[in-house]
Amino acid sequence: MIERLWLQPPLAFARLGSSTVPCDNYRWGPSDLTPHGTGKTTVVPDLTLDLGADGTLSARMPERVQFKDSAGWRPVCPYFEVHGSWTVDGKAGEGPLTERVLADSGLSLADIRWEVSVANLKAYHLTQQEGDRIEARVEVAGDDNQRHVLAGVSPQDEEDPLVPSGTSLPLGAVQLPVPNPELPGLRLRFTPGSGFVYGPTDLPDPRSEADYDIPAGRRILNPDSGWVGFVPPETDPRTAPGDLFAGAELGRSVGLVDDVCDGTVTVRLPGGLSATARIVAGPPDFTPDRRPFVSLADGLADRLKRDEVRQPGFLEDEQTVLEIRDLFERVLETMNAVNVDVQNERSGGLNARIAPALNVSPTEARALAFEPPQPLLGLLLGLSERGRRRHRRFVALEVLEDMLREQPDLISRWIRPPAVPAAEAGASLASSRFYTRQMPSGMRGSDAYPLHLTRRQYDLLVGWAARLSEDTEPNT
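Next comes the structure, spelled out in structure tokens:
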């Protein structure tokens, strides 16, 4: 008897792509940290599962990873695999569900039911009109191996639905592979949308004021919906930063919608046993070989394992040093992907704009950012290049350790502390609203304040640096 179900992974990210060929599987390899290396993480191929139109599933090892072809970006199409625990003839088992496990429990593939529900609610989030919701849902029996399109529709019982009756906006597709002796697990593959943009049927010619060239076949939305012509209230931008929609430069929404979405994948067995995972479809990864220094995994670790970095003995663990090295490798990779000069100029300008509201001098607020350096010979982005050269040294932890021993206050001076309330410093240049030269410099967080490390990352750095100082002989 099957007693528990879960899906692996519990959360997956699909990435849009207009190519009909999914991106091969890959993983991050060792960093290129040689003296003349790039400092980037290498991308290496990994075992890939190919799914045929009839549900045939096969495995292969790619020779290389190809992210684009003549049709455009190759979509990232994740699989969800059913896992469970069971007891058969008094013997307990746990692992991927197979036809054999089902049969031992008196079930077959036909008894399984999959349900995928996704939605694109950006327009609804802004207008708060039910008719602007775009949702799709499919149910698939476990022995159905055909491809099923997730057709996004709006509630037709609402006034002026965004997606009118008789049409739909494709939000991706799902398909169940046929289990085989080499790959016996029960899986579902999610294929995201193509990365297309859709507009209202009366979208103006691109030569007019709204220069958005949407093909006729994708002009399907209702021009009378609340999203078309929507004007955001000045006191409620709904997004941070505000005006994250096509037509913001005109002061009103042009009514465009893309095919990103997120939702749930659920598998059910007779008797009420079920498991649910999350699926998120987003844009392509334009820098797949460069990792962010604050990732989703860092955010989850901050929620679940924040206190561990303060426990006795944690800093002595060899894994801690590897985590510090990994952090600085990711900092270098981010630095190599960012135009620091442009971000610094934006930061100074933003400081000057918000300064009057905090009763401080715009000139002084702007000066909190870096002064643009003198151009280096043959280099247009002097600040970016200087930052990359310096951070390349830090991935050699011996160099960083020596700097921290010589300058015990280095972390507190140069790393922005996390989650400092804006009111804590009052109306002054010390307000956390201002971008300063502290790291990460010039980068913006999702709360519209300057970006910072997670509390766990920051406390780990502070504790590690303090331990280095403790191990330093006096007057050396």
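Take 289 as the starting number for the sequence shown in my numbering and just add one per residue. A virtual CB, placed ideally from N, CA and C, is assigned to each residue, including glycine.
Best match in the options for proximity to residue i [C-alpha to C-alpha]
i: E596; options: L671, E369, S373 and Q745; result: Q745
i: G570; options: L295, L299 and L304; result: L304
i: V619; options: R654, Q599, R578 and R591; result: R578
i: D377; options: G394, S700 and A585; result: G394
i: D432; options: A684, I699, P661 and V462; result: V462
i: V574; options: G505, V626, L588 and P521; result: Note that residue 574 is Phe in the sequence shown here, rather than Val. Taking only the C-alpha atoms, the option nearest F574 is V626.
i: L668; options: P521, V628 and L603; result: V628
i: I567; options: E758, W402, T329 and T552; result: T552
i: N632; options: V648, L646, N647 and F658; result: F658
i: G372; options: V426, A347 and G473; result: G473
i: Y486; options: R676, Y500 and R506; result: R506
Host alpha helix (DSSP H) of residue i (start-end)
i: R362; result: First-last for R362: undefined, no H or E at that position.
i: Y729; result: For the record, residue 729 in the displayed sequence is Ser; it is not Tyr. No alpha helix (DSSP H) holds S729; DSSP gives it neither H nor E.
i: G372; result: Premise fails: G372 lies in the beta strand (DSSP E), Y367 to V376, not in any alpha helix (DSSP H).
i: T608; result: E606 to A625
i: E291; result: Unbroken run through E291 is the beta strand (DSSP E), I290 to Q296; no alpha helix (DSSP H).
i: V389; result: E387 to D392
i: D338; result: It is not in any alpha helix (DSSP H) - D338 instead sits in the beta strand (DSSP E) that spans T336 to L339.
i: F602; result: That residue, F602, is in no alpha helix (DSSP H); it is neither H nor E in DSSP.
i: F478; result: Segment R475 to T479 is the beta strand (DSSP E) holding F478; no alpha helix (DSSP H) there.
i: F682; result: G670 to F682
i: I400; result: Unbroken run through I400: none, as it is neither H nor E.
i: G587; result: L584 to L592
i: D690; result: L685 to E694
Start and end residues, beta strand (DSSP E) containing residue i
i: G637; result: Where G637 is concerned, there is no enclosing beta strand (DSSP E), although the alpha helix (DSSP H) it sits in stretches over V628 to I642.
i: P521; result: Taken as a continuous stretch (DSSP letters only), P521 belongs to no beta strand (DSSP E), as it is neither H nor E.
i: A346; result: Looking at the sequence provided, one finds Ser at residue 346 rather than Ala. Taken as a continuous stretch (DSSP letters only), the beta strand (DSSP E) holding S346 covers L345 to R348.
i: I567; result: S562 to G570
i: S319; result: Y314 to S319
i: L459; result: L457 to Q463
i: T765; result: The displayed coordinates of the chain run from 289 to 764. Any statement about residue 765 would go beyond what the structure contains.
i: V331; result: T329 to P333
Beta-bridge partners of residue i, as assigned by DSSP
i: V750; result: Answer is none; V750 lacks a bridge partner.
i: N510; result: DSSP lists no partner for N510.
i: E249; result: Absent from the model: residue 249. The displayed extent of the chain is 289 to 764, so no value can be given.
i: E382; result: S373
i: C549; result: A569
i: P488; result: L509
i: L299; result: R566
i: R701; result: Paired residue(s): none; R701 is not in a bridge.
CB of residue i within 9 Å of CB of residue j, strictly
i: T336; j: D312; result: yes
i: V332; j: V353; result: yes
i: I642; j: R725; result: no
i: A736; j: A528; result: yes
i: P467; j: L397; result: yes
i: L532; j: I502; result: no
i: A429; j: R401; result: yes
i: T523; j: L509; result: no
i: R701; j: P738; result: no
i: T554; j: V389; result: no
i: S482; j: P458; result: yes
i: L588; j: E652; result: no
i: S757; j: R674; result: no
Worksheet entry | the stretch 442 to 461 in contact with the stretch 417 to 431 per 3-pair CB rule at 8 Å | yes
Practice prompt. Decide if the stretch 400 to 411 is in contact with the stretch 545 to 558; the criterion is three or more beta carbon pairs, one per stretch, under 8 Å apart.
Written response: yes
Practice prompt. Count the C-beta pairs between the stretch 609 to 618 and the stretch 681 to 696 that are closer than 8 Å, then say yes if the count reaches three, no if not.
Written response: yes
Worksheet item: Is the number of C-beta pairs between the stretch 340 to 352 and the stretch 591 to 607 that are closer than 8 Å three or more?
Response: no
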